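Residue numbers for the sequence shown follow this note's numbering, beginning at 5 and rising by one. Virtual Cβ for every residue (Gly too), placed ideally from N, Cα, C. Note that the structure is a prediction, hence the values are computed from the model and not measured.
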Amino acid sequence: MGQDVRSPRGPRCVALVGPFQSGKTTLLEAILARTGAIRTAGSVDAGTSVGDASAEARNHKMSVGLTAATTTFMGDSYTFLDCPGSVEFAHDMRMALPAVDAAVVVCEADEKKLPQLQLILRELEELAIPRFLFLNKIDRANKRVRETLATLQPASRVPLVLRQIPIWNGDLIEGFVDLALERAFVYREHKPSEVVALEGGNLDREKEARFSMLEKLADHDDALMEQLLEDIQPPRDAVFDDLARELREGVICPVLLGSALRENGVLRLLKALRHESPAIAETAKRLGAPETKDALAYVFKTVHLQHGGKLSLARLLAGRLDDGATLTSSSGETGRVSGILAAGGAFDTKRASAEAGDTVALGKLDAIKTGDTVASGKTAPPSLVKVEPTSPVLAMSVAATDRKDDVKLGQALLRLNEEDPSLTQIQNARTHDTVLWGQGEMHLRVAVERLRDRFGVNVKSHPPAIGYQETIRKPITQRGRHKKQSGGHGQFGDVVLEVKPLPRGSGFSFEETVVGGAVPRNYIGAVEEGVVDGLQKGPLGFPVVDVHVCLTDGSYHSVDSSDLAFRTAARIGVSEALPNCHPVLLEPIHMVEIVCPTDATAKINAILSARRGQILGFDTREGWAGWDCVRAAMPEAEIGDLIVELRSATAGAGSFTRQFDHMAEVTGRTADQIIAAHRVAA
Numbered sequence: 005m006g007q008d009v010r011s012p013r014g015p016r017c018v019a020l021v022g023p024f025q026s027g028k029t030t031l032l033e034a035i036l037a038r039t040g041a042i043r044t045a046g047s048v049d050a051g052t053s054v055g056d057a058s059a060e061a062r063n064h065k066m067s068v069g070l071t072a073a074t075t076t077f078m079g080d081s082y083t084f085l086d087c088p089g090s091v092e093f094a095h096d097m098r099m100a101l102p103a104v105d106a107a108v109v110v111c112e113a114d115e116k117k118l119p120q121l122q123l124i125l126r127e128l129e130e131l132a133i134p135r136f137l138f139l140n141k142i143d144r145a146n147k148r149v150r151e152t153l154a155t156l157q158p159a160s161r162v163p164l165v166l167r168q169i170p171i172w173n174g175d176l177i178e179g180f181v182d183l184a185l186e187r188a189f190v191y192r193e194h195k196p197s198e199v200v201a202l203e204g205g206n207l208d209r210e211k212e213a214r215f216s217m218l219e220k221l222a223d224h225d226d227a228l229m230e231q232l233l234e235d236i237q238p239p240r241d242a243v244f245d246d247l248a249r250e251l252r253e254g255v256i257c258p259v260l261l262g263s264a265l266r267e268n269g270v271l272r273l274l275k276a277l278r279h280e281s282p283a284i285a286e287t288a289k290r291l292g293a294p295e296t297k298d299a300l301a302y303v304f305k306t307v308h309l310q311h312g313g314k315l316s317l318a319r320l321l322a323g324r325l326d327d328g329a330t331l332t333s334s335s336g337e338t339g340r341v342s343g344i345l346a347a348g349g350a351f352d353t354k355r356a357s358a359e360a361g362d363t364v365a366l367g368k369l370d371a372i373k374t375g376d377t378v379a380s381g382k383t384a385p386p387s388l389v390k391v392e393p394t395s396p397v398l399a400m401s402v403a404a405t406d407r408k409d410d411v412k413l414g415q416a417l418l419r420l421n422e423e424d425p426s427l428t429q430i431q432n433a434r435t436h437d438t439v440l441w442g443q444g445e446m447h448l449r450v451a452v453e454r455l456r457d458r459f460g461v462n463v464k465s466h467p468p469a470i471g472y473q474e475t476i477r478k479p480i481t482q483r484g485r486h487k488k489q490s491g492g493h494g495q496f497g498d499v500v501l502e503v504k505p506l507p508r509g510s511g512f513s514f515e516e517t518v519v520g521g522a523v524p525r526n527y528i529g530a531v532e533e534g535v536v537d538g539l540q541k542g543p544l545g546f547p548v549v550d551v552h553v554c555l556t557d558g559s560y561h562s563v564d565s566s567d568l569a570f571r572t573a574a575r576i577g578v579s580e581a582l583p584n585c586h587p588v589l590l591e592p593i594h595m596v597e598i599v600c601p602t603d604a605t606a607k608i609n610a611i612l613s614a615r616r617g618q619i620l621g622f623d624t625r626e627g628w629a630g631w632d633c634v635r636a637a638m639p640e641a642e643i644g645d646l647i648v649e650l651r652s653a654t655a656g657a658g659s660f661t662r663q664f665d666h667m668a669e670v671t672g673r674t675a676d677q678i679i680a681a682h683r684v685a686a
């Protein structure tokens, strides 16, 4: 069965991940209490937990950002990264995962959360991160563990291997049997479990469950398979070696039981992490880190403290990093470390240096961004990690409540984007609005709260403007004349314009066919500018597109004509022509692709139809068992809050991408309502 592959001692970094409200933050509290980092475990509901310590997390009683906490267990240092479970805040998890040695997937026996669990396990599988599944809230279990495992298995592409079985006392679980150790334990609330005799029915169940575990391990160990066939009991150390090796190779996902709230099963989880999860050397190898004596680190999170400036949370992959060292990023930016702090709590524990494997916060690296690989050498290191934010799904226009805070708002939004690259802003060129894009309703709400509470900027918000336009159906010839006399030089411009529609998507074109110098050549440019001015706002109130304008004739005055006069005349001509050209409203149509669990597809189709969506087809999602992909053409106006309804219909797991496709005519009552609403807003 090979050599002992159990992990060497050294600093570890472990991610706590799992579906929304599965108990990750409560598990972190239990770990910190069990290892003596805190006196007693705090509570999320009471607002006393180490995790979820921000004002926003306390307010919503949920994780809205990553929390790091460092503790020691049996002489080794462990940094746990408590990652948000909501898909809206998943970018923190996705940035942090490359840095960790292993992940603990916290879940419960809830079939409704299966799609969320699948999303998280798929992320871990694709990154080849060793993972344990911690079946939480086992004290509330109302079905057998094997039934639960059969329910959860479709979420994982590798076998879920049961490491423990529960000890039942009637309908209650009072302890567990460790199948690798072959020992029985009885839970004691907020205390270590007590070893009890393994006998009777529990012994029979243990033998059956242990054989099932060994069978799954033997799928990847020929020697173990031979022993099982010959009915030879394998040595216990060899079983542990197999568990460690197969965990690291990603061919199994061990399942442990417990109750984070009661601190049950926590020590057994910690011992499994200690003996079986890899350490920094293997993590660096997985990331493709070069062998180097220089300090090499990956920055997975940026935090702006109200009074402490910018901190960069980083995992040191190799070498030794001293305070004051100069680091160079993979993009060539440099920065001098001003403070090395322990990752966790209030970031107030200073360190003189960090060693390979340590997870630390580095101060004042202003030019270094989340996702950067940094090194202390003279040359820029290769970029080891590239995590693109998922496409945003919800937007809102924001503006400072007090106009004097406009500059402050811009700076605060840049800092928010540094902390969370999945939150982005754009400037609407037509309306001049600042539009904030995020991953959902709660994501944007928390962003507004952070602007207020951390950066002191109160903002007002409203739905972003829809990109309506208008066009014409009928050609017309129109004269535009501007004449003004007010003492001294007057103003005179006179043009004749042919205005006609163009095919959809053509935009705007201008030409002139003036003969005989009716309009001097030097004024032609001003006429075109006037035409463009006149198309900025058509008779329905929106920019006019797909129009061809030809200057055919006109007249001028040798003294009173000017660029301004001809520009004004052209604008007047266009403005008077458009109402007579049968104007029609255009709305942007987007191609939308929705991914959702198959059992929600019918609901999604109904949602799309109710939002004027044209369903183009659906298919099974490639490589995702139990998921569908639905394609539809939808008006931009109907996509606005689509994600809210979509997440509600899919237990928070569904999402979509969109891409502009074309402009389409809107007529009848819908057009009348859009035009009326626009006039009221204006």
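Is the beta carbon of residue i less than 7 Å from the beta carbon of residue j?
i, j, result
"V588", "G558", "no"
"T383", "Y302", "no"
"E210", "T155", "no"
"G520", "E474", "no"
"V108", "L164", "no"
"E92", "Q443", "yes"
"I480", "C585", "yes"
"P238", "Q231", "yes"
"F136", "P258", "yes"
"P134", "S316", "no"
"L274", "F77", "yes"
"C17", "D96", "no"
"G577", "V499", "yes"
"H194", "E129", "no"
"T75", "D86", "no"
"A604", "A573", "no"
"G494", "D567", "no"
"L260", "F138", "yes"
"Q310", "R458", "yes"
"A636", "G617", "yes"
Since residue i and residue j should fall inside the 8 Å C-beta cutoff, what is the C-beta to C-beta distance between them, to a whole number of angstroms?
i, j, result
"P592", "F664", "6 Å"
"K28", "G69", "Actually they do not touch by this definition, with Cβ atoms about 13 Å apart."
"L413", "N421", "Not really, about 13 Å apart at Cβ, beyond 8 Å."
"T330", "S380", "7 Å"
"G323", "A360", "6 Å"
"L366", "V389", "In fact, because the Cβ distance is near 17 Å, the residues do not count as touching under 8 Å."
From the DSSP output, in three-state form, read off residue i for me.
i, result
"R407", "helix"
"Q122", "helix"
"L544", "coil"
"E642", "helix"
"Q429", "strand"
"A685", "helix"
"I169", "strand"
"R161", "coil"
"R148", "coil"
"L85", "strand"
"M217", "helix"
Restricting to Cα atoms, I'd like to know which of the options is closest to residue i.
i, options, result
"A318", "T330, Q310, K305", "K305"
"L691", "F514, S90, S510, Q495", "This structure leaves residue 691 out entirely; the chain is present only between 5 and 686."
"R214", "E392, I177, D182, K289", "D182"
"I679", "A469, I42, L300, R272", "A469"
"M400", "I643, S53, T394", "I643"
"W631", "H95, T71, R126", "R126"
"L228", "G529, E250, G534", "E250"
"P467", "N206, D437, F77", "D437"
"S263", "R144, G55, A404, L321", "R144"
"L325", "V364, H64, A61, D225", "V364"
"A132", "P15, D406, G292, G534", "G292"
"R525", "Y560, T52, Q482, L233", "Y560"
"L118", "I528, A629, A681", "A629"
CB of residue i to nearest heavy atom of the ligand ZN: below 6 Å?
i, result
"V450", "In the structure on display, the ligand ZN does not appear, and there are no ligands present to speak of."
| query | Which residue spans inside the segment 493-549 form an unbroken beta strand (DSSP E) run of at least 3? | reply | The segment 493-549 contains these whole beta strand (DSSP E) runs: 495-505, 512-516.
| said: Please give the ranges of any alpha helix (DSSP H) in the segment 577-641, keeping only runs that are unbroken, at least 4 residues long and fully inside the region. | reply: If you keep only unbroken alpha helix (DSSP H) runs of at least 4 residues inside the segment 577-641, you get 605-614.
| request: Note down, one range per segment and in chain order, each beta strand (DSSP E) of at least 3 residues found wholly within the segment 228-311. | output: Qualifying beta strand (DSSP E) stretches, in chain order: 257-261, 300-309.
| Secondary structure, beta strand (DSSP E): runs of 3+ residues fully inside the segment 5-60 | Correct list: 16-21.
| query | In chain order, which beta strand (DSSP E) runs of at least 3 residues are fully inside the segment 439-499? | reply | Segments of the beta strand (DSSP E) lying fully in the segment 439-499: 463-466, 473-476, 480-488.
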